[in-house]
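*Asks:* Residue numbers (my numbering): 11 to 284.
Here it is: the structure, laid out below.
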Amino acid sequence: MTETTPSGDNTLLSETISVREISRLERFLGPENYRIVTGLLKTPASIAGFVLIGFFILIAIAAPVIAPPVNPKDPYKIPRDGFKSEPQPMGSLWKSKPPEVPFWYEPLMGTDKWVHILDTSQGQYDVFYGIIWGTRTAFRTGLIVTIATFLIGIIIGSISAYYGGMVDNIIMRIVDIFLTLPFILAALILAAVLTPKIGKSLYPAIIALITFGWMGYARIIRGDILSIKERDYIMAARVIGVKDSRILFRHIIPNAIFPTLVLASLAVGDVVLS
Numbered sequence: 011m012t013e014t015t016p017s018g019d020n021t022l023l024s025e026t027i028s029v030r031e032i033s034r035l036e037r038f039l040g041p042e043n044y045r046i047v048t049g050l051l052k053t054p055a056s057i058a059g060f061v062l063i064g065f066f067i068l069i070a071i072a073a074p075v076i077a078p079p080v081n082p083k084d085p086y087k088i089p090r091d092g093f094k095s096e097p098q099p100m101g102s103l104w105k106s107k108p109p110e111v112p113f114w115y116e117p118l119m120g121t122d123k124w125v126h127i128l129d130t131s132q133g134q135y136d137v138f139y140g141i142i143w144g145t146r147t148a149f150r151t152g153l154i155v156t157i158a159t160f161l162i163g164i165i166i167g168s169i170s171a172y173y174g175g176m177v178d179n180i181i182m183r184i185v186d187i188f189l190t191l192p193f194i195l196a197a198l199i200l201a202a203v204l205t206p207k208i209g210k211s212l213y214p215a216i217i218a219l220i221t222f223g224w225m226g227y228a229r230i231i232r233g234d235i236l237s238i239k240e241r242d243y244i245m246a247a248r249v250i251g252v253k254d255s256r257i258l259f260r261h262i263i264p265n266a267i268f269p270t271l272v273l274a275s276l277a278v279g280d281v282v283l284s
């Protein structure tokens with residue numbers, strides 16, 4: 011088949027034809043979501059946020075170099091400089107079992123002896139060491155809890171909204187029961203129950219936060235799916251016999267998930283505070 015070039019009054023047609031290439035990312039996200047994502051990468055506030063996140067990621071990766079662990083078998087345990095109740099001031103000499111002096115320390119601090127860079131807390135726990143190694147704990151707990159609660163909420167909310175009827179009523183009543191429980195108090199109780207069985211670690215707190223943290227995602231994704239599942243292309247997919255699982259995970263969730271993703275990105279900090 012030969013291509014024809016518009017001529018005469020039809021030359022305006024050639025000016026209306028888009029010549030911009032659509033990238034794979036834009037096809038995957040959709041025009042509206044792609045515009046939002048590219049806007050995030052160009053907005054000064056979001057760029058500053060990404061820079062801060064990158065800075066803390068570097069601190070977490072370089073923690074063994076910035077603050078060498080006193081006990082390599084348990085580097086997350088904050089070392090103590092004695093057992094006095096009164097905190098020591100910034101710059102005071104570390105007397106009891108100080109960490110190894112890293113290569114960067116002497117040129118910056120002007121001494122070859124380790125001092126308390128950010129003073130100590132009550133009980134003589136070194137604050138600087140706790141902040142540096144705490145970045146790893148914050149990222150680990152924040153990401154694990156957020157991803158787990160996000161996935162649980164997406165699955166439960168999607169099933170509830172897509173099938174509706176009795177399934178929706180039962181699932182939403184379960185969600186309402188969980189929402190009536192005070193979040194922090196319920197998580198503290200469950201963590202206290204799990205600690206004797208699992209042991210003293212982050213896992214009881216992580217499990218407790220996951221158990222009582224998925225309901226918000228389920229409610230938000232449910233509301234978005236209730237509107238999307240009535241659109242023409244979903245009805246057409248049902249008419250031609252597409253499986254429910256493919257309709258839900260291939261056509262509905264990708265178009266409804268973006269607001270929930272934004273909420274999840276904001277929840278990482280809340281998890282760390284919790």
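Ideal Cβ placement from N, Cα and C applies to all residues, glycine included.
Quick caveat: nothing in here was measured; it's all calculated off a predicted structure.
Count the other CB atoms, across all protein chains shown, that sit within 10 Å of the CB of GLY226; report buried if there are 16 or more and exposed otherwise.
*Replies:* buried
*Asks:* So, helix, strand or coil for LYS210, using DSSP?
*Replies:* Coil at LYS210, not helix or strand.
*Asks:* On the three-state DSSP scale, how would you describe VAL177?
*Replies:* helix
*Asks:* Are there 16 or more other CB atoms within 10 angstroms of the CB of PRO99, so buried, or fewer, so exposed?
*Replies:* exposed
*Asks:* For a quick check, are the C-beta atoms of THR147 and ILE69 less than 9 Å apart?
*Replies:* no
*Asks:* Is it buried or exposed for ASN151, if we count other Cβ within 10 angstroms and need 16 for buried?
*Replies:* The amino acid occupying residue 151 in the given sequence is Thr; Asn does not appear at that position. Per the 10 Å Cβ criterion, buried.
*Asks:* Thinking HIS126 and SER95 are a contact (beta carbons under 8 Å), I'd like their distance in whole angstroms, please.
*Replies:* Not confirmed; about 16 Å, so no contact.
*Asks:* Taking buried to mean at least 16 other C-beta atoms within 10 Å of its own C-beta, is ASP91 buried or exposed?
*Replies:* buried
*Asks:* Could you round the C-beta distance between SER168 and ILE238 to whole angstroms and report it? I think they count as a contact, below 8 Å.
*Replies:* Their Cβ separation, rounded to whole angstroms, is 11 Å, which puts SER168 and ILE238 out of contact at 8 Å.
*Asks:* Is PRO41 near the ligand MG - that is, is its Cβ less than 8 Å away from at least one heavy atom of it?
*Replies:* The ligand MG is not part of this structure, which contains no ligands at all.
*Asks:* Report, in whole angstroms, the separation of the C-beta atoms of ILE216 and THR270, which I expect to be a contact under 8 Å.
*Replies:* With 8 Å as the limit, ILE216 and THR270 do not qualify as a contact, their Cβ atoms being about 21 Å apart.
*Asks:* Got a sec? Which residues, its chain only, sit under 6 Å from GLU116 by beta carbon, not counting five neighbours each side?
*Replies:* ASP122
*Asks:* Exposed or buried, which one is PHE222 when buried takes at least 16 other CB atoms within 10 Å?
*Replies:* PHE222 should be labelled buried.
*Asks:* Under 9 Å between the Cβ atoms of SER170 and ALA247?
*Replies:* No. Outside cutoff.
*Asks:* I need the DSSP call for THR130, collapsed to helix, strand or coil.
*Replies:* In this structure, THR130 counts as strand in the three-state DSSP scheme.
*Asks:* Count the other CB atoms, across all protein chains shown, that sit within 10 Å of the CB of THR48; report buried if there are 16 or more and exposed otherwise.
*Replies:* When all chains shown are included, THR48 counts as exposed.
*Asks:* Determine the closest residue to GLY279 out of SER33, LYS207, GLY59, PRO108, with distance taken between C-alpha atoms.
*Replies:* Of the candidates SER33, LYS207, GLY59, PRO108, the one whose C-alpha sits nearest the C-alpha of GLY279 is GLY59.
*Asks:* At which residues does the alpha helix (DSSP H) containing GLU36 begin and terminate?
*Replies:* Going by DSSP, GLU36 is part of the alpha helix (DSSP H) stretching over 34-39.
*Asks:* Return the chain-ordered ranges of every alpha helix (DSSP H) run that is complete within the stretch 104-153 and spans a minimum of 4 residues.
*Replies:* 115-119
*Asks:* Are the CB atoms of GLN134 and PRO79 within a distance shorter than 9 Å?
*Replies:* no
*Asks:* How about THR130 and LEU219: do their beta carbons lie closer than 9 Å?
*Replies:* Going by C-beta atoms, THR130 is not nearer than 9 Å to LEU219.
*Asks:* Using a Cβ-Cβ cutoff of less than 8 Å, which residues in the same chain neighbour ASN43 once the five nearest sequence positions on both sides are dropped?
*Replies:* Taking ASN43 as the centre and dropping the five residues before and after it, the same chain places the C-beta of PHE268 closer than 8 Å to its C-beta, in chain order.
*Asks:* With distance defined between alpha-carbon atoms, name the residue in VAL111, THR205, ARG45, THR156 nearest to VAL282.
*Replies:* THR156
*Asks:* Please check the pair ILE164 and ILE244, which I expect to be a contact at CB under 8 Å, by giving their CB distance rounded to whole angstroms.
*Replies:* Actually they do not touch by this definition, with Cβ atoms about 18 Å apart.
*Asks:* Does DSSP put ARG7 in a helix, in a strand, or in coil?
*Replies:* There is no way to answer for residue 7, as the model of the chain reaches only from 11 to 284.
*Asks:* What does ARG248 pair with, by DSSP beta-bridge criteria?
*Replies:* DSSP, once it has assigned bridges, lists no residue as partnering ARG248.
*Asks:* Please list, in chain order, all residues of the same chain as GLN132 whose beta carbon is under 8 Å from its beta carbon, the five residues on each side excluded.
*Replies:* For GLN132, where only same-chain residues beyond five positions count, the Cβ hits under 8 Å are SER95, GLU96, PRO97.
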